[in-house]
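Just add 4 to wherever you are in the sequence shown, counting from 1, and you've got this note's numbering.
We treat Cβ as the ideally placed atom computed from N, Cα and C, and that holds for glycine.
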Amino acid sequence: MLTLRNLALDDAAAIRRIYSGNAVTYLGRPEMTETEADKYVAQVQQWAAADPVQQYILGVDVAGDLVGVVKLGRRRGNHGRVSYVLREDCWGNGHATASVRELVTFACTTAGFASLGAKHHPDNPASGRVLAKAGFTCAGIKAGMVEYTLAHLEG
Numbered sequence: 005m006l007t008l009r010n011l012a013l014d015d016a017a018a019i020r021r022i023y024s025g026n027a028v029t030y031l032g033r034p035e036m037t038e039t040e041a042d043k044y045v046a047q048v049q050q051w052a053a054a055d056p057v058q059q060y061i062l063g064v065d066v067a068g069d070l071v072g073v074v075k076l077g078r079r080r081g082n083h084g085r086v087s088y089v090l091r092e093d094c095w096g097n098g099h100a101t102a103s104v105r106e107l108v109t110f111a112c113t114t115a116g117f118a119s120l121g122a123k124h125h126p127d128n129p130a131s132g133r134v135l136a137k138a139g140f141t142c143a144g145i146k147a148g149m150v151e152y153t154l155a156h157l158e159g
């Protein structure tokens, strides 16, 4: 069973595994180091405690195994920005689609966003398929990235 959950300090090793290998190919960053993973989890916990929360970062947990991260950033006009990354050995199992769908539900109910956007690198069509399956519509290319929108969220 897949669930989205807050990150705990002991998730740093799993975060490092998520941000490694081919999973970082289109993220514009190198693999995460141990120190970076520790700092990342601590920062995520601070952001989660903020009021209002400007960025939600939730772990993708599959049967007790942290396999990815989904993010929901707050933008102007009650708009949210979605992103996600899954551990490479978990690709192709539907976890990305399921977690983005869960994040959309969270965005329109708990977080109260009116619309969502997302983007992916044009050389990563699998990410576009995830977004389309989760209800997003391709809006074209902007700044070299494929942009998606999901408007009129209802709780």
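List the residues that DSSP assigns as beta-bridge partners of residue i.
| i | result |
| --- | --- |
| A53 | Answer by DSSP bridge pairing: none, since A53 is not bridged. |
| Y60 | L76 |
| D65 | T7, L70 |
The alpha helix (DSSP H) that contains residue i, what's its start and end?
| i | result |
| --- | --- |
| C94 | Segment: none, C94 is in no alpha helix (DSSP H) and carries neither H nor E. |
| R105 | 99-112 |
| V150 | No alpha helix (DSSP H) holds V150; the beta strand (DSSP E) holding it covers 149-154. |
Rounded to whole angstroms, what's the CA-CA distance from residue i to residue j? Just pull it up for me.
| i | j | result |
| --- | --- | --- |
| T39 | I19 | 11 Å |
| W95 | A27 | 9 Å |
| V3 | V104 | Only positions 5 to 159 of the chain appear in this structure, which leaves residue 3 out of reach. |
| D93 | V108 | 24 Å |
| P126 | L120 | 19 Å |
| R79 | P129 | 25 Å |
| K123 | Q59 | 16 Å |
| R9 | T153 | 24 Å |
Would residue i and residue j be called neighbours here (beta carbons separated by less than 7 Å)?
| i | j | result |
| --- | --- | --- |
| V71 | V64 | yes |
| L76 | A102 | no |
| I22 | R91 | yes |
| V45 | L62 | no |
| D42 | A16 | yes |
Looking at the secondary structure, which residues open and close the beta strand (DSSP E) in which residue i lies?
| i | result |
| --- | --- |
| S119 | 119-124 |
I believe residue i touches residue j by the beta-carbon criterion, under 8 Å. Please report the beta-carbon distance rounded to the nearest angstrom.
| i | j | result |
| --- | --- | --- |
| A100 | V134 | 4 Å |
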